[in-house]
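The structure appears below as structure tokens.
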Amino acid sequence: MNTASRTESERETLMTAGVWIFMTWSITAIHHYYTAVLYQTMWRAAFAAYAAIPMIMCIGYLFLYKRFQKKIFLAAYLCLSFVFFFLVVGIWEGAWCHTTKLVLHAFGKRFANAPASWNVPEAPEPTDIFSETTGVLNFVFAGFSFAANVRLIKPRAKGPHRVQALVGRTQV
1 MNTASRTESE
11 RETLMTAGVW
21 IFMTWSITAI
31 HHYYTAVLYQ
41 TMWRAAFAAY
51 AAIPMIMCIG
61 YLFLYKRFQK
71 KIFLAAYLCL
81 SFVFFFLVVG
91 IWEGAWCHTT
101 KLVLHAFGKR
111 FANAPASWNV
121 PEAPEPTDIF
131 SETTGVLNFV
141 FAGFSFAANV
151 RLIKPRAKGP
161 HRVQALVGRT
171 QV
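Straight run, no breaks: the sequence shown in full-length UniProt numbering ends on number 172.
Next up, the structure:
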């Protein structure tokens, strides 16, 4: 693979990572603004606004990495996106607060009656389909964002180089 196509591939991967970070923030913002109005809880709207800060920082780190090719910017982006967008938004908000709640509800259990050791948040029972759908999409979008980040760390080999990478260098 020549340098020009490798650079184009890296640019495309950086763009994909940035788009998924923005999409994860967007669905989080939509979800929290909607539920702030629905449940009359303005702290949810504040969370959506404050979540723009790490999103802007992530996009900035990606831009700085693309511009200067310094791994410190990539490392800062990967750390921030992993902690905030994958762990907090994806795993905590999307998987735990919404997906788990819906699974329990499907089996006739109430999220609010879960054992104290589960440390469940105070979340309303699932009554609004848009709220729950956007809540679960936090998990889905964060997963796609995480996958894009994995590609930033370890790009996929293509063509004959891929075969060589898979089998290694063998001499007969």
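C-beta atoms are modelled at their ideal positions from N, C-alpha and C, and glycine is treated no differently.
Small disclaimer: the values here were computed from a predicted structure and weren't measured.
Are there 16 or more other CB atoms within 10 angstroms of the CB of Thr-24, so buried, or fewer, so exposed?
-> buried
Report back the beta-carbon spacing between Ala-51 and Ala-75 to the nearest angstrom; my notes put them in contact at under 8 Å.
-> Going by Cβ atoms, the distance from Ala-51 to Ala-75 rounds to 21 Å, so no, they are not a contact pair.
Would you kindly work out how many angstroms separate the C-alpha atoms of Lys-101 and Pro-54, rounded to a whole number?
-> 27 Å
Minimum C-alpha distance to residue 173 - residue among Ser-131, Phe-130, Phe-139, Arg-44 = Since the first residue shown for the chain is 1 and the last is 172, residue 173 is missing from the structure and cannot be characterised.
Could you work out which residue in Ile-59, Arg-67, Val-37 is closest to Ile-21 when comparing CA atoms only?
-> Ile-59
Apart from the five residues just before and just after Gly-143, which ones in its own chain have a Cβ nearer than 7 Å to its Cβ?
-> Gly-90
Check Pro-126 in the structure and name its three-state DSSP category.
-> coil
May I have the straight-line CA-CA distance separating Ile-129 from Leu-78, to the nearest angstrom?
-> 32 Å
Between the C-alpha atoms of Ser-26 and Phe-107, what's the straight-line distance to the nearest angstrom?
-> 31 Å
Please classify Phe-68: is it buried, with 16 or more other beta-carbons within 10 angstroms of its beta-carbon, or exposed?
-> exposed
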